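Encoded as structure tokens, the structure appears first; notes follow it.
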Amino acid sequence: MQKLIMIKYAELNTKKDNIGMFLKALKQNITEKLGDKATILFDKGRMFIKASDEHFDEVLLKVQKVFGIHEIMIGYETSSTDIEVIEEALLLVTRDLSFTSFKVETKRSDKNYPLTSLEISKHLGGVILKSRDCIVVDVHHPEVTINVEVRKDHAYIYVDKIKGLGGYPVGTLGKGLLMLSGGIDSPVAGFLAMKRGVKLEAIYFESPPHTSVEAKNKVATLASILSEYGSSIKVHVIHFTEIQEEIYKKVPHEYLITIMRRMMYRIAAKVAYQNRCKILVNGESIGQVASQTLSSMAVINEVVKIPVIRPVACLDKLEIIELAKKIGTYETSILPYEDCCTIFVPLHPVINPELEKCIEYEKLLPYEELIKNAILHETILTNSPKKEFEELL
Ligand code: ATP
Ligand code: MG
895 MQKLIMIKYA
905 ELNTKKDNIG
915 MFLKALKQNI
925 TEKLGDKATI
935 LFDKGRMFIK
945 ASDEHFDEVL
955 LKVQKVFGIH
965 EIMIGYETSS
975 TDIEVIEEAL
985 LLVTRDLSFT
995 SFKVETKRSD
1005 KNYPLTSLEI
1015 SKHLGGVILK
1025 SRDCIVVDVH
1035 HPEVTINVEV
1045 RKDHAYIYVD
1055 KIKGLGGYPV
1065 GTLGKGLLML
1075 SGGIDSPVAG
1085 FLAMKRGVKL
1095 EAIYFESPPH
1105 TSVEAKNKVA
1115 TLASILSEYG
1125 SSIKVHVIHF
1135 TEIQEEIYKK
1145 VPHEYLITIM
1155 RRMMYRIAAK
1165 VAYQNRCKIL
1175 VNGESIGQVA
1185 SQTLSSMAVI
1195 NEVVKIPVIR
1205 PVACLDKLEI
1215 IELAKKIGTY
1225 ETSILPYEDC
1235 CTIFVPLHPV
1245 INPELEKCIE
1255 YEKLLPYEEL
1265 IKNAILHETI
1275 LTNSPKKEFE
1285 ELL
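Numbering (my numbering), first residue to last: 895 to 1287.
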């Protein structure tokens, strides 16, 4: 009898025509994550992952961070489908469990098997009843459900199930560019986009010396945490100082943030295009700050054609924080380093900016030249989960 991990696919079951592509990607993503610590096998609607005792717990943790999985079962594979072999395995699996009521639920993918699913359940239930005192079968509300799946060469027994992350395998829906600040919202936005199968690259705007190297490292750490849910995330670091200082000098201060964000969008759209990213993703949330009122968002969005996806747009801050804690980015996000959005903040930012005014103020800036220059001098951070960052200049 071998311990193993069984996987049920998530929404993939609805992707009838493309299921092959989705499963291939899922297998590839799991393989990439587990390396040679596990072997992965497919069989009708299930994936089976085998790992040595030494690596089992680590493999189990990693599988819980893969998108496209509905449920993870910790099970046992019997050496054959002989009913005596299944009985023996069942007794071993349930030996250390304490319960007073139970049921056995059987699925049989081998339709030539001499017993029906119901007959197997009844037979195995009887075996368990005989093996211990003071227990009853309760088919409606059992304390423990013992699942048996009889397949062609082996049977599988499992009791413990863990909910998977759901969603689609990362990469199956193409690539997006995440506007990643060091805050709480944008990593959560990135996580949610990854959940829908989007592979991410990220863009970070820094304004040294007004922003510190610690602020950049924080973004690098956030990208690294996010990459544990997919593959490595390339971070485009844009030197934003000249643009920001120029805006500060020339634009009425109530419009500083609006114009600054229009510049960010313009740059992000260009970087996305150059890197074949089909969407921008950001952590804007309706009404959170002056630049995220509906009028502000409309005026800012106006400078780009690329779709901008805002996964946390309709979540409350507390809901975003809850997610950030769950995915492991919160503790890093609350480290107190400044962001380029938090320096040069005007006392009274405009809440309902006017497009005509934005266009008029931007005429005061040589912004096309500045943007070209900023993109030309971008630096790249690459990362893999849990590996140190290397900065390529
Ligand atoms: P976060 O939204 O990540 O918690 P924040 O709330 O401080 O940080 P906002 O000022 O609300 O950031 O900015 C809205 C969104 O704009 C961010 O979620 C992020 O997607 C993007 N953004 C802001 N600053 C930067 C930056 N320096 N680099 C890249 N993207 C940024
Ligand atoms: Mg925010």
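The beta carbon of each residue, even a glycine, is placed where N, CA and C say it ideally should be. Please read these numbers as outputs of a predicted model, since none were measured by experiment.
Unbroken alpha helix (DSSP H) runs of no fewer than 4 residues, entirely contained in the stretch 1170–1234, are found at 1188–1195, 1211–1221, 1224–1227, following chain order. In the DSSP assignment, the residues bridged to Asn-1041 are Glu-999, Tyr-1052. The C-alpha of Pro-1205 is placed about 20 Å away from the C-alpha of Val-1165. Ranking Glu-1232, Arg-940, Ala-1083, Ile-1274 by CA distance to the CA of Lys-1211 puts Ala-1083 first.
With distances taken between CA atoms, Glu-1225 lies nearest to Lys-1112 out of Glu-981, Leu-1071, Lys-1112.
The Cβ-Cβ distance between Glu-1136 and Pro-1240 does not fall below 7 Å. For Gln-1138, the enclosing alpha helix (DSSP H) covers residues 1135–1144.
Placement of the Cβ of Tyr-1098 at a distance of less than 6 Å from at least one heavy atom of the ligand ATP is found. In this structure Lys-1089 is in contact with Gly-1060, their Cβ atoms being roughly 7 Å apart against a cut-off of 8 Å. Counting the other Cβ atoms within 10 Å of the Cβ of Phe-916 gives 16 or more, which makes it buried. Per the DSSP secondary-structure output, Gln-896 pairs in a beta bridge with Glu-971.
At least one heavy atom of the ligand ATP falls within 6 Å of the beta-carbon of Asp-1079. Counting C-beta pairs with one atom in each stretch, the stretch 1166–1180 and the stretch 1255–1267 have fewer than three that are closer than 8 Å, which means they do not touch. In this structure, DSSP gives Phe-942 an extended state, which the three-state scheme calls strand.
If you look at Leu-1275, you'll find it in the beta strand (DSSP E) that goes 1273–1276. Pairwise C-beta distances place the stretch 967–979 in contact with the stretch 1045–1057, as three or more of them are shorter than 8 Å.
For Tyr-1149, there is no enclosing beta strand (DSSP E), as DSSP gives it neither H nor E. Comparing C-alpha distances from Ile-1203 to each of Pro-1230, Ile-1040, Ile-1245, Tyr-1159 shows the shortest one belongs to Tyr-1159. Pro-1008 counts as exposed, since fewer than 16 other beta carbons sit within 10 angstroms of its beta carbon. Across the set Gly-1222, Ala-1163, Ile-1221, Asp-1004, the C-alpha of Ala-1163 shows the shortest separation from the C-alpha of Pro-1201. Here Leu-1217 is buried. Its C-beta has 16 or more other C-beta atoms within 10 Å. By the neighbour-count criterion, in which 16 or more other beta carbons inside 10 Å mark a residue as buried, Glu-1254 falls on the exposed side.
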